[in-house]
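Undergrad: In this note's numbering, the protein residues as written are 211 to 836. C-beta: ideal position from N, C-alpha, C; glycine also. Just so we're clear, the structure is a prediction, and the values are computed from it rather than from any experiment. Got a structure for you, questions after.
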Amino acid sequence: MITAQQIRIIIHGNVQVYNTAPEHAAAFPYTQDELLGEVTRQKPEISFNTTRTDANGRKLPDGIEIRFGSARPTEATRKILRDHKFQFSERQTMWYAKDNALSRALAEKWANEEVEIDTTQYIKQHFWARIRSEKEYNQLRDYTEFFVKSEPPKNFNTKKALELTAIVNNLISGGILYFKKFFNKPVEEDEIQENDTSPPDGSIIADRLQVLADGMQKSIDEKFNSATSRQRPTHRRNRIVEGLEAEGRILRDTQKVLYALANAHRSGNISKFPLLENIRTKSQVGMLNLLERAIRGDWRENWAQETFVNRIEEFNRIGIDTFADWGTAEEQKQVLLKDSLSVNYQEEENVQRTRELERQVWGRDIPGFFPTPRPLVERMITIGELQANHYILDPSAGKGDILDVVRDKFNGEGLSYYAVEINKDLTAILRDKGYGVKESDFLQLKPASPLFDRILMNPPFENGKDADHVIHALTFLKPGGRLVAIVGEGLFFRKFKKEKSFRELLRTKNAYVSEPIEEAFRNAFNSTGVRVRLIAINEDGSPFYLHSADWQRPGIDAQDDDSMEQINTLELEAQAELELLRMRVESERRKRQRGISGVPVYEEKLRYLRQRALALRDKQEVSDFN
Numbered sequence: 211m212i213t214a215q216q217i218r219i220i221i222h223g224n225v226q227v228y229n230t231a232p233e234h235a236a237a238f239p240y241t242q243d244e245l246l247g248e249v250t251r252q253k254p255e256i257s258f259n260t261t262r263t264d265a266n267g268r269k270l271p272d273g274i275e276i277r278f279g280s281a282r283p284t285e286a287t288r289k290i291l292r293d294h295k296f297q298f299s300e301r302q303t304m305w306y307a308k309d310n311a312l313s314r315a316l317a318e319k320w321a322n323e324e325v326e327i328d329t330t331q332y333i334k335q336h337f338w339a340r341i342r343s344e345k346e347y348n349q350l351r352d353y354t355e356f357f358v359k360s361e362p363p364k365n366f367n368t369k370k371a372l373e374l375t376a377i378v379n380n381l382i383s384g385g386i387l388y389f390k391k392f393f394n395k396p397v398e399e400d401e402i403q404e405n406d407t408s409p410p411d412g413s414i415i416a417d418r419l420q421v422l423a424d425g426m427q428k429s430i431d432e433k434f435n436s437a438t439s440r441q442r443p444t445h446r447r448n449r450i451v452e453g454l455e456a457e458g459r460i461l462r463d464t465q466k467v468l469y470a471l472a473n474a475h476r477s478g479n480i481s482k483f484p485l486l487e488n489i490r491t492k493s494q495v496g497m498l499n500l501l502e503r504a505i506r507g508d509w510r511e512n513w514a515q516e517t518f519v520n521r522i523e524e525f526n527r528i529g530i531d532t533f534a535d536w537g538t539a540e541e542q543k544q545v546l547l548k549d550s551l552s553v554n555y556q557e558e559e560n561v562q563r564t565r566e567l568e569r570q571v572w573g574r575d576i577p578g579f580f581p582t583p584r585p586l587v588e589r590m591i592t593i594g595e596l597q598a599n600h601y602i603l604d605p606s607a608g609k610g611d612i613l614d615v616v617r618d619k620f621n622g623e624g625l626s627y628y629a630v631e632i633n634k635d636l637t638a639i640l641r642d643k644g645y646g647v648k649e650s651d652f653l654q655l656k657p658a659s660p661l662f663d664r665i666l667m668n669p670p671f672e673n674g675k676d677a678d679h680v681i682h683a684l685t686f687l688k689p690g691g692r693l694v695a696i697v698g699e700g701l702f703f704r705k706f707k708k709e710k711s712f713r714e715l716l717r718t719k720n721a722y723v724s725e726p727i728e729e730a731f732r733n734a735f736n737s738t739g740v741r742v743r744l745i746a747i748n749e750d751g752s753p754f755y756l757h758s759a760d761w762q763r764p765g766i767d768a769q770d771d772d773s774m775e776q777i778n779t780l781e782l783e784a785q786a787e788l789e790l791l792r793m794r795v796e797s798e799r800r801k802r803q804r805g806i807s808g809v810p811v812y813e814e815k816l817r818y819l820r821q822r823a824l825a826l827r828d829k830q831e832v833s834d835f836n
């Protein structure tokens with residue numbers, strides 16, 4: 211039990227709590243020496259309304275109204291009111307209930323006694339709170355204001371209006387349904403009063419706007435660099451990242467305006483933008499930006515006009531009185547941004563536009579499009595030994611992953627970057643990134659000036675195209691240049707002529723060949739389980755300082771007599787089979803009495819081929835043709 215020695219409460223002007231026993235301190239919602247405002251007691255104003263009617267003039271039940279003037283009942287007083295079924299009217303600033311036994315008992319009791327009130331002056335403010343469950347939605351009043359976070363945003367003044375146009379459960383589960391939640395903010399003594407006509411200090415306003423803009427950076431970074439954006443792309447993850455980045459763009463647009471306004475106030479140029487000089491908060495900038503978003507997003511016709519009407523009081527506070535004024539304010543904002551927009555902001559916008567283009571190509575069936583993972587590129591750079599002022603070519607550039615890593619590592623060292631890409635959409639991404647790009651099939655190009663010091667490439671693997679691309683790329687190297695490529699493991703064990711020639715080229719050029727790399731693209735932009743190797747070839751054929759893996763398999767490329775005889779046997783088999791097929795056709799024609807005119811028969815040649823094949827069969831045990 212708390213004794214007089216443990217706590218003293220003074221109710222005079224402000225309320226102050228002190229000398230609190232430690233075991234009871236946590237029970238108070240305020241700390242010692244914290245001012246709560248003036249709590250006192252007074253008689254409420256009670257009236258009985260017997261003339262209530264609806265819109266059609268029909269008589270409504272009598273009611274009881276309780277008012278406290280400019281004061282506000284304390285929480286204890288409000289609880290008593292709610293227990294007796296009184297509700298608060300924001301519009302009429304009164305508590306009301308139907309006239310019944312419960313409400314009349316309270317009215318008669320309070321008619322002769324004072325109740326506890328708080329005379330602190332409050333500003334009623336609100337924020338949009340997300341509705342997290344159907345239960346929470348059902349607890350809201352019918353006349354709650356709702357906001358659906360969509361493009362364009364949608365506002366509803368009642369539950370009925372919302373339920374007529376949307377499935378509420380879907381909005382809740384999608385996390386896009388919000389309601390307007392009010393709270394009372396005490397008026398601080400040092401706040402600028404409405405009758406304060408002294409001109410505002412431009413530097414103070416600039417500092418405040420600057421602090422607001424700086425405080426947004428953490429949220430912006432979280433939107434654009436979320437953990438999901440760093441994971442392997444999937445359709446679901448792409449949708450999540452797209453939504454986060456859309457929110458980030460809205461925040462960044464607000465931040466840009468805040469910085470621009472701060473600069474204008476600090477430099478004294480804000481007078482050039484009369485419809486912007488009264489903006490002081492992030493929400494006001496966000497409201498101003500809605501017009502640009504509506505135009506850019508091609509939102510529903512008349513949406514902007516309806517929004518202006520619904521938020522007319524908020525617009526009036528910053529000096530925008532008509533819809534035409536809003537349009538003029540948007541024009542002033544564009545001029546302000548053009549004058550103050552930094553190079554960094556323009557670069558950030560380019561980066562975000564490129565990210566959006568990359569998401570659009572993800573999942574499309576683009577032949578041979580498997581962007582190179584960063585760890586592989588970093589290893590290629592090490593092998594390539596890039597130097598300042600080198601000319602770099604990626605002849606199968608995709609969306610530029612190899613060149614991106616090179617540019618990150620060698621920024622400012624004078625390297626020149628060139629790309630070749632056959633796909634139109636990927637070419638657009640490369641150009642957006644600032645690379646010199648040729649939209650063409652690389653195999654159809656001929657070497658021209660400039661030749662290149664280094665070629666880093668990840669060519670398509672299907673049908674041995676990686677060998678074709680590497681061999682063709684060697685012709686684009688400068689004297690003393692070097693090529694580093696990712697190639698499929700198939701080039702090192704297939705017995706076809708192309709693969710054998712490629713392996714012979716590696717031997718002749720003293721190429722570096724890495725160990726097989728398993729699942730190098732497993733977590734890449736487009737994943738695949740292919741096994742690959744890194745190869746490097748010097749233009750002059752000089753050997754590498756790196757030690758190659760043991761890639762040559764004994765006997766796989768040996769050209770001894772036995773293997774050549776086996777090849778000849780297989781070729782003879784194929785020719786004999788073709789001749790047998792021709793003979794079957796001739797036989798069918800004879801049976802149908804159509805003759806064999808026009809169909810040449812080379813019986814001597816067939817007999818010769820059979821003799822050769824049978825002779826080889828005895829030695830090689832090839833299949834019998836008969």
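Counting only the same chain and skipping the five closest in sequence on each side, list residues whose C-beta sits under 7 angstroms from that of S626.
TA: Y601 and I602.
Undergrad: At which residue ranges does the segment 337-378 contain complete alpha helix (DSSP H) runs of 4 or more residues, listed in the order of the chain?
TA: The qualifying runs are 344-348 and 369-375.
Undergrad: G171 to A638, Cα distance in whole Å?
TA: Any question about residue 171 goes unanswered here, given that the chain covers just 211 to 836.
Undergrad: Using CA coordinates, which residue listed in A281, E324, G698 and A658 is at the minimum distance from A677?
TA: With distances taken between Cα atoms, A677 lies closest to G698.
Undergrad: Go ahead and label G751 buried or exposed: buried means 16 or more other beta carbons lie within 10 angstroms of its beta carbon, across all protein chains shown.
TA: Counting Cβ neighbours within 10 Å, G751 comes out exposed, since fewer than 16 surround it.
Undergrad: Whose C-beta lies closer than 6 angstroms to the C-beta of T464 among residues of the same chain, with five residues either side of it excluded?
TA: K492, V495 and G496.
Undergrad: Quick one: Cα of R490 to Cα of N599, how far?
TA: C-alpha separation (whole angstroms): 49 angstroms.
Undergrad: Please go through the same chain and pick out, in chain order, the residues whose beta-carbon is closer than 6 angstroms to the beta-carbon of E452, but skip the five residues on each side of it.
TA: Within the same chain, E452 has no close Cβ partners at all.
Undergrad: My assumption, with CB atoms under 8 angstroms, is that A335 sits in contact with F393. Please give the rounded CB distance.
TA: Note on residue identity: the sequence assigns Gln, not Ala, to residue 335. Q335 to F393, Cβ: 6 angstroms. Contact.
Undergrad: Check G157 in the structure and name its three-state DSSP category.
TA: Nothing about residue 157 can be read from this structure; the chain reaches only from 211 to 836.
Undergrad: Mapping DSSP to helix, strand and coil, what is Q335?
TA: DSSP places Q335 in strand when its eight states are reduced to three.
Undergrad: I need the DSSP call for F296, collapsed to helix, strand or coil.
TA: The answer is coil: DSSP assigns F296 none of H, G, I, E or B.
Undergrad: Relative to the C-alpha of S650, which residue among S606, E516, I591 and I414 is closest?
TA: Among S606, E516, I591 and I414, the Cα nearest to that of S650 belongs to S606.
Undergrad: Can you tell me which of the three DSSP states L471 falls into?
TA: The answer is helix: DSSP assigns L471 an H, G or I state.
Undergrad: Tell me the DSSP bridge mates of E709?
TA: In DSSP, E709 forms no bridge with anything.
Undergrad: Could you compute how far the alpha carbon of E361 sits from the alpha carbon of R510?
TA: Straight-line Cα distance between these residues: approximately 9 angstroms.
Undergrad: Rounding to the nearest angstrom, what Cα-Cα distance links N748 and A470 in this structure?
TA: Those two C-alpha atoms are separated by around 53 angstroms.
Undergrad: In the DSSP output, what is Q252 paired with across the bridge?
TA: The partner list for Q252 (beta bridge, DSSP) reads V325.
Undergrad: What is the residue span of the beta strand (DSSP E) that L693 lies within?
TA: Counting along the chain, the beta strand (DSSP E) containing L693 begins and ends at L687 to G698.
Undergrad: State yes or no: is the C-beta of P669 within less than 8 angstroms of the C-beta of A695?
TA: Yes, the Cβ-Cβ distance between P669 and A695 is below 8 angstroms.
Undergrad: Counting C-beta neighbours from all protein chains within 10 Å, is the total for I414 16 or more, i.e. buried, or is it exposed?
TA: Exposed, by the Cβ-count rule.
Undergrad: Would you call S343 buried or exposed, if buried means 16 or more other Cβ atoms sit within 10 Å of its Cβ?
TA: Exposed: under 16 other Cβ atoms inside 10 Å.
Undergrad: Evaluate contact between the segment 283-296 and the segment 315-331, counting only Cβ atoms and requiring at least three cross-stretch pairs below 8 angstroms.
TA: With a cut-off of 8 angstroms, the segment 315-331 and the segment 283-296 count as touching, because enough Cβ pairs lie within range.
Undergrad: Name the residue from G529, I528 and L500 whose alpha carbon lies nearest to the alpha carbon of E516.
TA: Nearest of G529, I528 and L500 to E516, Cα basis: L500.
Undergrad: Would T303 and V249 qualify as a contact pair, given that the criterion is a beta-carbon distance under 8 angstroms?
TA: The answer is no: Cβ separation not under 8 angstroms.
Undergrad: Per DSSP, what kind of secondary structure is Q821 in: helix, strand or coil?
TA: Helix.
Undergrad: Quick one: grab the DSSP three-state call for S439.
TA: Looking at S439 - three-state DSSP - the assignment turns out to be helix.
Undergrad: Compare the Cα-Cα distances from D618 to each of K345, R476, D272 and I591 and report the closest residue.
TA: Comparing Cα-Cα distances from D618 to each of K345, R476, D272 and I591, the minimum goes to I591.
Undergrad: Given this structure, state the Cα-to-Cα distance separating R323 from R459, to the nearest angstrom.
TA: This sequence places Glu at residue 323; Arg is not what is there. Computed Cα separation, rounded: 57 angstroms.
Undergrad: Can you give the Cα-Cα distance for F518 and A534, rounded to whole angstroms?
TA: Going by the C-alpha atoms only, they are around 10 angstroms apart.
Undergrad: If the criterion is Cβ atoms closer than 8 angstroms, does the pair T375 and Y353 meet it?
TA: In this structure, Y353 does not lie closer than 8 angstroms to T375 by Cβ.
Undergrad: Using only CA atoms, which one of F671, E346 and T287 lies nearest to E326?
TA: Closest by alpha carbon: T287.
Undergrad: Using only the alpha-carbon positions, how far apart do I806 and A784 sit?
TA: For I806, the predicted structure reports a pLDDT of 49, less than 50, and the residue's modelled location is therefore unreliable. A value from the coordinates is still provided. Their Cα atoms are separated by approximately 24 angstroms.
Undergrad: Compare the Cα-Cα distances from Y306 to each of F337, T260 and K345 and report the closest residue.
TA: For Y306, the nearest C-alpha among the options comes from T260.
Undergrad: Mark Q821 as exposed unless 16 or more other C-beta atoms lie within 10 angstroms of its C-beta, in which case mark it buried.
TA: So Q821 counts as exposed.
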